[in-house]
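Written out below as structure tokens is the structure these notes cover.
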Amino acid sequence: MSKHFALNCPNFLSWGNLLREVIPAHLRIDFMRAFACIALVLFHVSTGLAQKDIGSPLEQQFLQILNGAFGHVRMPLFAFIAGYVYALKPVSRSSFSFFLVGKVRRLLLPGALAATLFALGSGMIGNRFAVPLAQFWTVYVMPYAHYWFLQAIFVVLLAFAAMDILIGKWSVWFALTLTFFITLTDYVGRTSIFSLNSALYLAPFFLLGVLAFRANFMALARAHVGGVILVLLVGFALHQIFLSNDLDFGILGAPKYSLAAIFLGWFACIALFLGAPDSPPMRALAPYTFTIYLYHPFFSSPTRRLLSELGVDWFGIHIALGLLAGLLGPVMLQRLAKHNTLGRRLVLGSRS
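Reminder that position 266 of the sequence shown reads as 266 in the UniProt record's numbering, one-by-one numbering, no gaps.
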């Protein structure tokens, strides 16, 4: 009986063996980077179509469900990745000033340029992101479009780096406790200056990324494959149950500042980290994800406008070409920027 069972179960057991495959962590992170960027670009392409009422009610409902499914996943993935990358090279007391300057150069300067161009372009075409000249300064100190993430993750990085220096190995647990307290008690009043409220939203996922490296999640997963598979199956089943209901119901309709949203984001981050394959296309896209994040609207939005001007109203064409433009346009931009010193500094945030 046991031999017969063993001979007829290799396909099921091979699922567990996926966790035992030694896929380097940097390839898993590359996959997550690319996945998060694709989800973000798809979200912006689909919301643009919804605003222009392109597509049938059924197609619009499909996109609503899809975006609802990823609503508590997209930005948490970026924060998780930032935490994992930070943990690879933590900050010391002597390197803090260098770390600070590096993050300003790498995050804030490219983000400021992209946000400026985006705001100017929005003003020219008169869309909802247009900013009056007298209030243009708010682009740099308040949440604006999708660029809020750069401000928020900058705050998280600096705050946790300071805790890491002062507290040491207990910094993650202290930061998690503090974050939960502030989030659940609304202690800071949800201030939006420099996206501080969003920094609180991202902090639990950033800290999970730090833990994934420091606690060696992959080693734990390989040692307890059955438990990991059970957790992922239960989590996936619950997600599908909630997804099958109206999007205003249950965990998918939960505010992002809630335990339900945090746990769903954690589940998604862990599931993708443990299950991420070595995908050559995703690996090829990964080096361009920062530029894609900053500049994808400059390519996906004009594509939608051009297709509309040409009289193309086929939903699938809009989605496919909008997604391709939002991904490949920034890739071309990054390749061009690499050939110019000013482009490398302002667009890519490189030192030279």
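Where is the CB? At the ideal position from N, CA and C, for every residue including glycine.
DSSP places H26 in the helix class (H, G or I) of the three-state scheme. Pairwise C-beta distances place the stretch 158-178 in contact with the stretch 205-212, as three or more of them are shorter than 8 Å. Pairing L107 with G349 gives a Cβ-Cβ distance under 8 Å. In the assembly as shown, R74 is a buried residue. Its beta-carbon has 16 or more other beta-carbons within 10 Å.
In this chain, H72 is not harboured by any alpha helix (DSSP H), its DSSP state being neither H nor E.
Here R105 has G349 as same chain residues with Cβ atoms under 6 Å from its own Cβ, once five neighbours each way along the sequence are excluded.
At a Cβ-Cβ threshold of 8 Å, F80 and V91 do not count as neighbours.
Take G123, set aside five residues on each side of it, and the residues of its chain with a beta-carbon closer than 7 Å to its own are A130, V131, in chain order. Per DSSP, the continuous alpha helix (DSSP H) segment holding I319 begins and ends at 315-337. In the structure shown, L348 falls within a coil segment according to DSSP collapsed to helix, strand and coil. When G275, H146, L58 are compared, the shortest CA-CA separation from F118 is found for H146. With a contact defined as Cβ atoms closer than 8 Å, L272 and F35 qualify at about 7 Å. Straight-line measurement puts the Cα of F31 at about 10 Å from the Cα of C37.
Distances from the CA of P297 to each of L27, T138, T47, H26 were compared; the closest alpha carbon is that of T47.
Fewer than three pairs of CB atoms, one per stretch, sit closer than 8 Å, so the stretch 334-341 makes no contact with the stretch 305-313. Closest in C-alpha terms to V156, from the list F194, F217, I54, comes F194. Taking a cut-off of 8 Å for Cβ pairs, the stretch 62-71 and the stretch 133-143 do not touch, as fewer than three such pairs fall below it. In this structure, the beta-carbon distance from T179 to L200 falls below 8 Å. With contacts defined as CB atoms closer than 8 Å, A82 and L63 fail to qualify as a contacting pair. DSSP, reduced to helix, strand and coil, places N340 outside both helices and strands of the structure shown, so it counts as coil. Boundaries for L310: no alpha helix (DSSP H) harbours it, and the DSSP string shows neither H nor E there.
By the 16-neighbour rule on beta-carbons within 10 angstroms, S94 is exposed. In this structure, DSSP gives R33 a helical state, which the three-state scheme calls helix. Remark: C-beta atoms of R33 and A325 do not approach each other more closely than 8 Å. Across the structure, I182 and F96 are spaced so that their CA atoms are roughly 25 Å apart.
The shortest C-alpha to C-alpha distance from I292 to any of V347, I319, V85 is the one to V347.
Between G316 and V45, the gap from beta carbon to beta carbon reaches 8 Å or more. A check of alpha carbon separations from G329 across F290, A219, F263 identifies F290 as the nearest.
Membership of W266 in the alpha helix (DSSP H) is indicated by the continuous run 259-275.
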